[in-house]
Amino acid sequence: MLLLYFFKNVKPVERDTDEISNNEREQQSCEEYFRTDYFLVIVDIALGELESRFEQLYILESIFGFLFDAAKLTSLDENELKSSCVNLENALKNDNDTDIDARDLESELQALQVILPSEAIETDKPWTSIKILEVVNSVDMFPNVMVAYRILLTTTVAVASVERRFSKLKLLKSYLRTTMAQDRLNGLAIVCIEEIC
0 MLLLYFFKNV KPVERDTDEI SNNEREQQSC EEYFRTDYFL VIVDIALGEL ESRFEQLYIL
60 ESIFGFLFDA AKLTSLDENE LKSSCVNLEN ALKNDNDTDI DARDLESELQ ALQVILPSEA
120 IETDKPWTSI KILEVVNSVD MFPNVMVAYR ILLTTTVAVA SVERRFSKLK LLKSYLRTTM
180 AQDRLNGLAI VCIEEIC
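In structure tokens:
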């Protein structure tokens with residue numbers, strides 16, 4: 000479906016003079032023309048989109064990665080935990096205002112590492128950030144940890160935003176078509192009734 004969208008909306012790319020001359024273009028087969036002017040353009044667009052989206056995910060992981068699950072959180076030593084907390088504080092800093100304090104967050108996370116039950120780490124699936132937030136919320140002793148997890152869990156990750164956008168657009172278009180069809184049907188019914196009377 001996504002490929003069809005690109006195929007409908009991608010126009011042939013104008014080439015520089017040193018790429019393909021008009022004489023050579025006339026000698027190209029239909030398959031070669033399609034490959035150079037449509038297929039490779041679509042592949043290039045798709046690769047560019049994937050690279051930009053995964054760059055955003057890598058940035059998110061570099062900031063919040065140590066909070067993703069219980070295994071990562073408990074595997075950090077003191078220096079790694081301190082640098083991760085400072086990095087998070089700097090990322091959430093706006094001028095002189097900060098949402099969290101790195102030193103307080105570090106001490107709270109050290110206490111949380113001790114408090115977390117062994118099943119949070121030792122199972123096949125370590126606890127995720129949502130489960131850790133539930134524990135933190137029930138204990139109600141870690142305000143900086145709570146703020147950090149709330150920010151992490153409310154950060155939107157939109158890897159498939161294009162597909163969602165198209166599906167919403169499709170729903171909107173189909174809704175408009177049905178309402179327009181209903182209006183036309185009502186208009187035709189009124190015209191038909193007026194002609195009969």
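First residue of the sequence shown: 0, per numbering that gives the first Met the number 0; consecutive thereafter.
Glycine included, each C-beta is placed from N, C-alpha and C at the ideal position.
All of these numbers come straight from a predicted model, not from anything done at the bench.
Run through DSSP, which three-state label would residue i get?
{"i": "Asn143", "result": "helix"}
{"i": "Asn136", "result": "helix"}
{"i": "Leu187", "result": "helix"}
{"i": "Asn93", "result": "strand"}
{"i": "Thr127", "result": "strand"}
{"i": "Asp68", "result": "strand"}
{"i": "Ser51", "result": "helix"}
{"i": "Leu108", "result": "helix"}
{"i": "Ser222", "result": "Residue 222 cannot be examined here, being either before or after the span of the chain that is shown, 0 to 196."}
Checking contacts by CB at 8 Å: is residue i closer than that to chain B?
{"i": "Ser51", "result": "Protein chain content of the structure displayed is limited to a single chain, and chain B is not contained in it."}
Classify residue i as buried or exposed, calling it buried when 16 or more other Cβ atoms lie within 10 Å of its own Cβ.
{"i": "Glu54", "result": "exposed"}
{"i": "Pro125", "result": "buried"}
{"i": "Glu144", "result": "A quick correction: the sequence has Val, not Glu, at residue 144. The residue in question, Val144, is buried, as its Cβ has 16 or more Cβ neighbours within 10 Å."}
{"i": "Leu111", "result": "buried"}
{"i": "Ile131", "result": "buried"}
{"i": "Ala236", "result": "A question about residue 236 goes unanswered here, because the residues of the chain that appear run from 0 up to 196."}
{"i": "Leu39", "result": "exposed"}
{"i": "Ser137", "result": "exposed"}
{"i": "Leu187", "result": "exposed"}
{"i": "Ser51", "result": "exposed"}
{"i": "Glu105", "result": "buried"}
{"i": "Ala45", "result": "exposed"}
{"i": "Val135", "result": "buried"}
{"i": "Ser117", "result": "exposed"}
Apart from the five residues on each side of it in sequence, which residues of its chain come closer than 6 Å, Cβ to Cβ, to residue i?
{"i": "Ala90", "result": "Ile62"}
{"i": "Ile192", "result": "none"}
Report, in whole angstroms, the separation of the C-beta atoms of residue i and residue j, which I expect to be a contact under 8 Å.
{"i": "Ala147", "j": "Ile99", "result": "6 Å"}
{"i": "Leu87", "j": "Leu108", "result": "Their Cβ separation, rounded to whole angstroms, is 10 Å, which puts Leu87 and Leu108 out of contact at 8 Å."}
Enumerate in chain order the residues of its own chain whose CB-to-CB distance from residue i is below 7 Å, with the five nearest sequence positions on each side excluded.
{"i": "Asp68", "result": "Pro125, Trp126, Thr127 and Ser128"}
{"i": "Leu66", "result": "Leu72, Ser128, Ala147, Tyr148 and Leu151"}
{"i": "Pro142", "result": "none"}
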